[in-house]
Amino acid sequence: MDTDVLDVDTARRRIVDLTDAVRGFCASHGDGLCNVFVPHATAGVAIIETGAGSDHDLVDTLERLLPRDDRYRHAHGSPGHGADHVLPALVARR
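Be aware that the sequence shown starts at 1, since it is given in full-length UniProt numbering, and climbs by one per residue.
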């Protein structure tokens, strides 16, 4: 089994389009399965259309649904850090 690691800056909420990187990896391996995952509690992988505004709409919606303030029980770290732990449950495809 071949693997590749993509380093992505996650210092702020944003959409990162991994399509070209995954396509490039798969193109050099022929038929088979490709598993894309994030080994972290505050990030997720979602399948969404990009380039037509949907990616910005998702970020705007998440900002409204998960404001970065002190309302969360998971409260260590910076204000709103609890929202970062809720976010993957809303966007991740499992």
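A virtual CB, placed ideally from N, CA and C, is assigned to each residue, including glycine.
Compare the beta carbon distance of residue i and residue j with 8 angstroms and say whether it is the shorter of the two.
{"i": "P88", "j": "T42", "result": "yes"}
{"i": "H85", "j": "H74", "result": "yes"}
{"i": "P79", "j": "R64", "result": "no"}
{"i": "F37", "j": "D4", "result": "no"}
{"i": "A83", "j": "L58", "result": "no"}
Rounded to the nearest angstrom, what separates residue i and residue j at their Cα positions?
{"i": "T10", "j": "L18", "result": "14 angstroms"}
{"i": "C34", "j": "R71", "result": "38 angstroms"}
{"i": "residue 103", "j": "G77", "result": "It is not possible to answer for residue 103, since the shown part of the chain is limited to 1 through 94."}
{"i": "T61", "j": "S54", "result": "10 angstroms"}
Please name the residue in the options whose C-alpha comes closest to that of residue i.
{"i": "M46", "options": "D60, I15 and H81", "result": "It is Ala, not Met, that sits at residue 46 in the sequence shown. For the residues D60, I15 and H81, the minimum Cα distance to A46 belongs to I15."}
{"i": "A27", "options": "L62, D2 and D7", "result": "D2"}
{"i": "V8", "options": "G44, G30 and G32", "result": "G44"}
{"i": "L6", "options": "V22, H76 and R13", "result": "V22"}
Legend entry - Completely contained alpha helix (DSSP H) runs for the stretch 14-48, where each covers 4 or more residues: 19-27
Legend entry - Contiguous beta strand (DSSP E) assignments of at least 3 residues, all confined to the UniProt region "Disordered" (71-94): none
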